[in-house]
Amino acid sequence: MATNRDLFNLMGAISQPAVDAANREFYGKITYPWPQMTYPTYADPHCGTVFLNQELGDFTHARIQPRPRIWVAGCGSNQATLTALRFPGSEIIATDISAPSLAVCETNLAQVDAQNVTVKEQSINEADYQEEFDYIICTGVIHHNADPAIPLVRLAAALKRNGVLELAVYNYYHRILTTAYQKAMRYLFMEDPEIDLDQQLEVTRDLMETFPVENTMSFYLKQEKHQSREYLADSFLQPVEHSYTVESLVALLHTAGLEIILPCVYVFDKSGRMNWHLEFANEVAARHYENLPDVARWQISNLLMVERSPSLVFYVQRKNSSIRRKSEREVCEEFLNTRFARYSTVIKNYVGGNGNYQFSATPIPHPSPRVPVDQTARSIFKEVSHDKTIREVLETLDLKPTFALVNNARIQLTTPHFPYLKAVQRT
Ligand SMILES: C[S@@+](CC[C@H](N)C(=O)[O-])C[C@H]1O[C@@H](n2cnc3c(N)ncnc32)[C@H](O)[C@@H]1O
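Residue numbers for the sequence shown follow the numbering used here, so the first one is 26 and each next one is one higher.
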């Protein structure tokens, strides 16, 4: 068993097997994340792939086929079940190094009657898949490894040539306080091999009330005091964590022969931001910013939005993919030139908690709310008809198709979190 001194030492010359062991132990004590209250099932079995394709900038819905092979790498306790229900036609492999998380996962998969998932205890660092997957989901995992480049290379090798990786890593500007706190705790307890995770959590909860100075750290700790055990352990007592900016993430991806396709909308962001675009009132700043390639713009946004910048969640592909990466601006042009119909389906939920989910036959409209909250998106949504392109819709509404407006409308109307419009295929 790893002692606190071992964990502390891991921050120096760290070896991947030692970090895998530390993570196995940590995520053996907390199964992450906390239990889902609901697991949704979709009446339309294609809802998952259609809106994933649209978020990837493919309004023909062809890139991810209706029966994709998916790897949920570092699935934790919930993600395999959510993915199985979101993509009912898929064949899924879900892996993690935490046996207790996988046990929760298997119980819940059985309860929601998902039969398209194979669960496997395995470190990404030991996985040897070669060009097998259309879609890989790996969120919140590689940044807990000794050298995130090592699992990333495994993920890249496992992608089919035109496959897509959904990757989430910590945003440096979101982690300054948690990383500092974690490091302080490793030092604090490094000489005490006896202290366990729950005792460290108890100290943390107490420091939330009795911190020795008043500063941003004490303010942050106080804010988090009602969070769950899993959340607190993951935020404040992680054995290992790395964090990135857009720039350093792109450099990391480069080492594995990968490139960003587009940002993935992440609605649970504490920053409240889902969109990387900044609107400068200063004309010179705006002109220079808008003329830059995507990665440079997102990096500027990351630097200037600091703690309010979005989470680093991106769709990624192999650089040798035969599908050429389109810029955000090109995707917006395609969005403008496409015809859409209003979309709706229903979901029915499994409701409960771990080991105790019951199917509820009550149909819930999806998307919900039925009309977009964003005002501009709502007016476009109301005006859409299958014989008008979005450009024509904007003309009818007398809206100028600026990049900011079009990109925001694309995000707020056509993506998995906002599935309001489905592209109409030309025949
Ligand atoms: C913060 S949780 C994220 C879980 C899930 N991906 C999600 O987004 O809900 C990190 C998970 O990664 C797993 N993990 C860490 N390193 C891993 C590795 N090398 N291989 C497989 N799983 C790993 C942990 O056991 C834990 O379940």
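Positions of the beta carbon are idealized from the N, C-alpha and C atoms, including for glycine.
- [ ] For residue 183, count neighbouring C-beta atoms within 10 Å of its own C-beta (all shown protein chains included) and say buried if the count is 16 or more, exposed if not.
- [x] Working through the sequence shown from its first residue, we reach residue 183 at position 158. Counting Cβ neighbours within 10 Å, residue 183 comes out buried, since at least 16 surround it.
TODO: Leaving out five residues on either side along the sequence, give the residues of the same chain with a beta carbon under 6 Å from the beta carbon of residue 249.
DONE: As a first step, residue 249 is located in the sequence shown; it is residue number 224 there, counting from the start. So the list is empty, once near-sequence residues are dropped.
Open item on the list: Quick check on the DSSP output: the alpha helix (DSSP H) that includes residue 73 runs from which residue to which?
Closed with: Numbered from 1 along the sequence shown, position 48 holds the residue referred to as residue 73. Its alpha helix (DSSP H) spans residues 72 to 80.
Task: According to DSSP, residues forming a beta bridge with residue 440 - done: Counting from one through the sequence shown, the residue named residue 440 turns up at place 415. Looking at the DSSP assignment, residue 440 forms a beta bridge with 443.
TODO: Consider the C-beta atom of residue 161 and the heavy atoms of ligand 1; say whether any pair is separated by less than 8 Å.
DONE: Indexing the sequence shown from 1 puts residue 161 at position 136. No, since every heavy atom of ligand 1 falls outside the 8 Å radius drawn around the Cβ of residue 161.
- [ ] Identify every residue that forms a DSSP beta bridge with residue 191.
- [x] Here residue 191 is taken as the residue at index 166 of the sequence shown, counted from 1. Answer is 162, 340, bridged to residue 191.
- [ ] Go ahead and label residue 293 buried or exposed: buried means 16 or more other beta carbons lie within 10 angstroms of its beta carbon, across all protein chains shown.
- [x] Numbered from its first residue, the sequence shown carries residue 293 at position 268. Exposed, because fewer than 16 other Cβ atoms sit within 10 Å of the Cβ of residue 293.
Task: Identity of the residues DSSP links to residue 239 by a beta bridge - done: Against the sequence shown, residue 239 aligns to sequence position 214. Its beta-bridge partners do not exist; DSSP assigns none.
Task: Inside the region 350 to 429 only - alpha helix (DSSP H) runs reaching at least 4 residues - done: 353 to 361, 400 to 408, 415 to 422
Open item on the list: Assuming contact is defined by CB atoms lying nearer than 9 Å, are residue 252 and residue 243 in contact in what I supplied?
Closed with: Residue numbering aside, residue 252 sits at position 227 when the sequence shown is read from its first letter. Residue numbering aside, residue 243 sits at position 218 when the sequence shown is read from its first letter. It is not a contact, given that the beta carbons lie outside the stated cut-off.
Task: Close-in-space but distant-in-sequence residues of the same chain around residue 245 (CB under 6 Å, 5 per side omitted) - done: Reading the sequence shown from its first residue, position 220 is the one you call residue 245. So the qualifying residues of the chain are 202.
Task: Neighbourhood of residue 220 by C-beta distance below 6 Å, restricted to the same chain and skipping five residues each side - done: Position 195 of the sequence shown, counted from the first residue, corresponds to residue 220. Cβ neighbours of residue 220 beyond the five flanking positions: 214.
Task: Own chain partners of residue 119 with C-beta closer than 6 Å, once the 5 adjacent residues on each side are dropped - done: In the sequence shown, residue 119 corresponds to position 94, counting from 1. Answer for residue 119: 97, 100, 105, 142, 144, listed in chain order.
TODO: Confirm the yes/no value for this check: CB of residue 166, any heavy atom of ligand 1, distance under 8 Å.
DONE: The residue you call residue 166 lines up with position 141 of the sequence shown. The answer is yes for residue 166.
Task: Which of helix, strand or coil DSSP assigns to residue 317 - done: As a first step, residue 317 is located in the sequence shown; it is residue number 292 there, counting from the start. Coil.
Task: heavy atom of ligand 1 below 8 Å from residue 193 C-beta - done: Within the sequence shown, residue 193 is the residue found at index 168, counting from 1. Yes - ligand 1 has a heavy atom lying nearer than 8 Å to the Cβ of residue 193.
Task: Whole runs of the beta strand (DSSP E) within the region 130 to 179, excluding any shorter than 3 residues - done: 142 to 146, 158 to 164
TODO: Indicate, with yes or no, if ligand 1 has a heavy atom lying under 8 Å from the CB of residue 259.
DONE: As a working note, residue 259 is residue 234 in the sequence shown. Checking every heavy atom of ligand 1 against the Cβ of residue 259, one is found closer than 8 Å.
TODO: Using a threshold of 9 Å, state whether the C-beta atoms of residue 340 and residue 189 are closer than that.
DONE: Within the sequence shown, residue 340 is the residue found at index 315, counting from 1. Within the sequence shown, residue 189 is the residue found at index 164, counting from 1. Yes, they are a contact pair.
Open item on the list: Output needed for residue 370: all residues of its chain with C-beta closer than 7 Å, excluding positions within five of it in sequence on either side, in chain order.
Closed with: Within the sequence shown, the letter at position 345 stands for residue 370. Cβ within range, chain order: 67, 68, 69, 72, 391.
- [ ] Go through the region 203 to 237 residue by residue and report every complete run of the alpha helix (DSSP H) that reaches 4 residues or more, in order.
- [x] Counting whole runs of 4 or more residues, the region 203 to 237 contains the alpha helix (DSSP H) stretches 222 to 234.
TODO: Indicate the three-state DSSP secondary structure (helix, strand or coil) for residue 113 in the structure shown.
DONE: Here residue 113 is taken as the residue at index 88 of the sequence shown, counted from 1. DSSP, reduced to helix, strand and coil, places residue 113 outside both helices and strands of the structure shown, so it counts as coil.
Open item on the list: Check whether the region 124 to 133 and the region 78 to 93 are in contact - that is, three or more C-beta pairs closer than 8 Å.
Closed with: no
TODO: Tell me, please, whether the region 171 to 181 touches the region 277 to 286 by the rule of three or more beta-carbon pairs shorter than 8 Å.
DONE: Result yes; three or more Cβ-Cβ pairs closer than 8 Å.
Open item on the list: Tell me which residue opens and which closes the alpha helix (DSSP H) that residue 271 is part of.
Closed with: Here the question's residue 271 lines up with position 246 in the sequence shown. First-last of the alpha helix (DSSP H) with residue 271: 271 to 280.
- [ ] Keeping to the same chain, check which residues put their C-beta closer than 6 Å to that of residue 267; ignore five residues upstream and five downstream.
- [x] The count along the sequence shown starts at 1 and reaches residue 267 at position 242. Around residue 267: 168, 173.
Task: residue 109: CB within 8 Å of a non-hydrogen atom of ligand 1 - done: Residue mapping note: residue 109 aligns to position 84 of the sequence shown, counting from 1. Using a cutoff of 8 Å, the CB of residue 109 does not count as near ligand 1, since none of the ligand's heavy atoms is closer than that.
Task: Run of the alpha helix (DSSP H) containing residue 284, from where it starts to where it stops - done: Reading the sequence shown from its first residue, position 259 is the one you call residue 284. No alpha helix (DSSP H) contains residue 284, which is instead part of the beta strand (DSSP E) from 283 to 288.
- [ ] Measure the beta-carbon distance from residue 345 to residue 63 and round it to whole angstroms, keeping in mind my assumption that it falls under 8 Å.
- [x] Here residue 345 refers to the residue found at position 320 when the sequence shown is read from its first residue. Here residue 63 refers to the residue found at position 38 when the sequence shown is read from its first residue. 40 Å between Cβ atoms; not a contact.
Open item on the list: Do residue 418 and residue 431 count as a contact pair if the criterion is CB distance below 9 Å?
Closed with: Here residue 431 corresponds to residue number 406 of the sequence shown, with the count starting at 1. Here residue 418 corresponds to residue number 393 of the sequence shown, with the count starting at 1. Their beta carbons are not under 9 Å apart, which means residue 431 does not touch residue 418 by this criterion.
Open item on the list: Quick check on residue 303: does DSSP put it in helix, strand or coil?
Closed with: On the sequence shown, position 278 is the one that residue 303 refers to. In the three-state reduction of the DSSP assignment, residue 303 falls in the coil class, being assigned neither a helical nor a strand state.
Task: Whether residue 436 touches residue 428 by CB criterion (9 Å) - done: Position 411 of the sequence shown, counted from the first residue, corresponds to residue 436. Position 403 of the sequence shown, counted from the first residue, corresponds to residue 428. No. Outside cutoff.
Open item on the list: Quick check: the Cα distance between residue 152 and residue 53, rounded to an integer number of angstroms?
Closed with: Walking along the sequence shown from the start, residue 152 turns up at place 127. Walking along the sequence shown from the start, residue 53 turns up at place 28. Straight-line Cα distance between these residues: approximately 20 Å.
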